[in-house]
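Engineer:
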Amino acid sequence: MYFAKDLVNAFLLSAAFAVGLMLFGCDRKETVLDVDTPDGGVSVERDIDDGSISVDVDE
Numbered sequence: 177m178y179f180a181k182d183l184v185n186a187f188l189l190s191a192a193f194a195v196g197l198m199l200f201g202c203d204r205k206e207t208v209l210d211v212d213t214p215d216g217g218v219s220v221e222r223d224i225d226d227g228s229i230s231v232d233v234d235e
C-alpha cells in the first residue's frame, strides 16, 4: 500500500519539476560579441525569442 502512495508522490514531484523547468527555463541567448580587456570586458548578447540585444560592460 505504501509503495503505491510513494509512486504517486514521486510522479507528482516529477511532474511539478518538469513544469518548473518549462516556466523558469534558461534564457535563450546567443553571444554576438565578447571582448576581454585588461580593465574588464564587453559582452553583447541577442535574445533568440524576441531579438532584443543586451550589452554588459565589466569594469
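177 is the number of the first residue of the sequence shown in the numbering used here; add one for each residue after it. Glycine is no exception: its CB is placed at the ideal position from the N, C-alpha and C atoms.
Are the segment 200-217 and the segment 183-191 touching by the rule of at least three beta carbon pairs closer than 8 angstroms?
Structural biologist: no
Engineer: At 4 residues or longer, what runs of the alpha helix (DSSP H) sit wholly inside the segment 185-212?
Structural biologist: none
Engineer: Look at the alpha carbon of Lys181 and the alpha carbon of Gly196, and state the distance between them as a whole number of angstroms.
Structural biologist: 23 angstroms
Engineer: For Thr236, which residues of its own chain have a beta-carbon under 6 angstroms away from its beta-carbon, when the five flanking residues on both sides are left out?
Structural biologist: What is shown of the chain runs 177 to 235, which leaves residue 236 out entirely.
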